[in-house]
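Chemist:
In the UniProt record's numbering, the protein residues as written are 1 to 93.
(1) If you measure between the beta carbons of residue 86 and residue 36, is that distance less than 8 Å?
(2) Starting from residue 31, trace the alpha helix (DSSP H) in both directions and tell me its first and last residue.
(3) Since residue 11 and residue 64 are thought to touch, with beta carbons under 8 Å apart, how far apart are those beta carbons, to the nearest angstrom?
(4) Between which two residues does the beta strand (DSSP E) containing residue 43 stretch?
(5) Under DSSP, the alpha helix (DSSP H) around residue 12 begins and ends at which residues?
(6) Do residue 24 and residue 54 come within 8 Å of each other at the CB atom, strictly closer than that value?
(7) Take the Cβ of residue 126 as the centre, count every other Cβ of all protein chains shown within 10 Å, and call the residue buried at 16 or more, exposed below.
(8) In terms of residue numbering, what span does the alpha helix (DSSP H) encompassing residue 82 cover?
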């Protein structure tokens, strides 16, 4: 996969996450298996909102998603904030 195409696909995932957030939705399970790529058209789609929740201002105290993509705060404190967890998941991609 050429680097330029990979960045374009990643930008689409970022836009999808931003759109979800603007609609008050937190995905909670961002990982490669939940992104469908069409390399012929260069399109990326974020799928599987089964762990999703409505955004809240306070910390989440119940984890949903894939443990290997969980934020360190969850491991140590058993709570996490949506923005931090989302940024971490995107960084792991």
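Glycine included, every Cβ here is placed at the ideal spot set by N, Cα and C.
Everything numeric in this text was worked out from a predicted model, so none of it was measured.
Modeler: According to the structure data:
(1) No, Cβ-Cβ distance for residue 86 and residue 36 is not below 8 Å.
(2) No alpha helix (DSSP H) contains residue 31, which DSSP labels as neither H nor E.
(3) Rounded, the Cβ-Cβ distance is 26 Å, inconsistent with contact.
(4) 43-46
(5) Residue 12 -> alpha helix (DSSP H) spans 3-22.
(6) yes
(7) A query on residue 126 cannot be resolved here, the shown segment of the chain reaching from 1 to 93 and no further.
(8) 82-92
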